[in-house]
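For the sequence shown, the UniProt record's numbering begins at 1 and goes up steadily by one.
As structure tokens, the structure follows; a few thoughts come after it.
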Amino acid sequence: MTQQQTILVADDEPGLVQALAINLRARGWNVVTAGTGAGALEAAAKRRPDLVVLDLGLPDMDGVDVIRGIRGWSAVPIIILSARHDSDEKVSALDAGADDYVTKPFGMDEFLARIRAALRRAQPSESDAPVVQAGELRIDLAAKKISRNGAELRLTPTEWHFLEILVRHRGRLVTHEQLLQQVWGPSYRTQSNYLRVYSAQLRRKLEADPAHPRHLITEAGMGYRFETD
């Protein structure tokens, strides 16, 4: 099973990357490496790894931003490997979507065991794709871009976050409470008027006929659903 799995290692310490690559390949995994946050995001989108090992202290961006970028379209397991020991750093990384956090220096045997455990827990999903085609819409979750019939559409950050959650769960109901909590935060869980406003704005931008939406569907009294067909 592991022979077909790929692990992305994103770290700017060449010696550590080499050591990890040697140990991982020796156990049958394919290894892809990146030395920057931008490189990690590109590799994650193009190579579709089964697991990501990520350093928080990358030279071009904070690792937490890399986590958020990947989580915009993928549920791939992410293990943080960092010299940062502060509990706030760990909380930020885990809240952003990391699955595990290992501090440097570390024991290789334990680290490899954590990788095996994360891979066992991982649930492959057809929705983990950076680009989603929905009729005339092309939604690039990794690049955070959307176009309709080839023309790029401009969304506000809130509109994009709203849409991103629905697209990641396409074909499935996302409840009012889920959307409000994930887009605006826990204190907004009863503010359903926000959803009406933003769903209307999105339909005007995305749908050929906003009055009869094809993609952004309302489930009365429950929530919203995004359909690709």
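Note that the Cβ used here is the ideal one computed from N, Cα and C, for glycine as well.
Because the structure is a prediction, the values reported are computed rather than measured.
| query | Taking ASP62 as the reference, which of VAL76, GLY35, ALA75 and ASP50 has the closest Cα? | reply | GLY35
| request: Could you tell me which of ARG189, VAL183, SER74 and ASN149 sits nearest to ALA208, measuring between CA atoms? | output: ASN149
| request: Output yes or no for whether 8 Å exceeds the beta carbon distance between LEU8 and ALA44. | output: yes
| query | If we count the other Cβ atoms within 10 Å of its Cβ and call it buried at 16 or more, is LEU58 buried or exposed? | reply | Under this definition LEU58 is a buried residue.
| task | Look at ASP11 and ASP65 and say whether their C-beta atoms are less than 8 Å apart. | result | no
| request: For THR175, write down the residues that DSSP places opposite it in a beta bridge. | output: GLY223
| request: Enumerate in chain order the residues of its own chain whose CB-to-CB distance from MET1 is below 6 Å, with the five nearest sequence positions on each side excluded. | output: With a pLDDT of only 40 at MET1, under the threshold of 50, the placement of this residue in the model should not be trusted; the figure read from the coordinates follows. Excluding positions up to five away in sequence, the list is empty.
| For LYS90, the first and last residue of its enclosing alpha helix (DSSP H) | 87-96
| message | By alpha-carbon positions, which one of ARG172, ALA200, ASP86 and ILE115 ends up nearest to ASP50? | response | ILE115
| request: Measure the Cβ-Cβ separation of ILE79 and ASP100 and say whether it is below 8 Å. | output: Closer than 8 Å, so yes.
| query | Would GLN3 be called buried (16 or more neighbouring beta carbons within 10 Å of its own) or exposed? | reply | Residue placement at GLN3 is flagged as unreliable, the pLDDT there being 46, under the threshold of 50; a coordinate-derived value is accordingly withheld.
| said: In this structure, how does DSSP classify ASP65 when only helix, strand and coil are distinguished? | reply: ASP65 falls in the helix class under three-state DSSP.
| task | Determine the extent of the beta strand (DSSP E) in which LYS145 is found, giving its start and end residues. | result | 145-148
| Between the C-alpha atoms of ARG168 and GLY221, what's the straight-line distance to the nearest angstrom? | In this structure, the straight-line span from the alpha carbon of ARG168 to that of GLY221 is close to 21 Å.
| If you draw a straight line from the C-alpha of GLN181 to the C-alpha of HIS161, how long is it? | 12 Å
| Among LEU195, GLU136 and GLU164, which one has its Cα closest to the Cα of ALA143? | Of the candidates LEU195, GLU136 and GLU164, GLU164 places its Cα closest to the Cα of ALA143.
| query | Can you tell which of MET108, LYS90 and LEU94 has its C-alpha closest to the C-alpha of GLN18? | reply | MET108
| said: Can you tell me whether LEU166 sits near the ligand FMN, meaning its C-beta is under 7 Å from at least one heavy atom of the ligand? | reply: The model on display carries no ligand, and the ligand FMN is accordingly not part of it.
| task | Verify whether the separation of the beta carbon atoms of LYS104 and SER82 is less than 8 Å. | result | Taking the C-beta atoms as reference points, SER82 is found nearer than 8 Å to LYS104.
| query | residue 232 lies in the beta strand (DSSP E); which residues open and close that run? | reply | Here the chain has residues from 1 to 229 only, and residue 232 is not among them.
| request: Specify the secondary structure class of ASP109 as computed by DSSP and reduced to three states. | output: helix
| Contact set for ARG214: own chain, Cβ-Cβ below 8 Å, skip 5 residues either direction | GLY135, GLU207, ALA208 and GLU227
| task | Return the residue from the list GLN201, ALA122, LEU112 and ALA211 that minimises the CA-CA distance to PRO157. | result | GLN201
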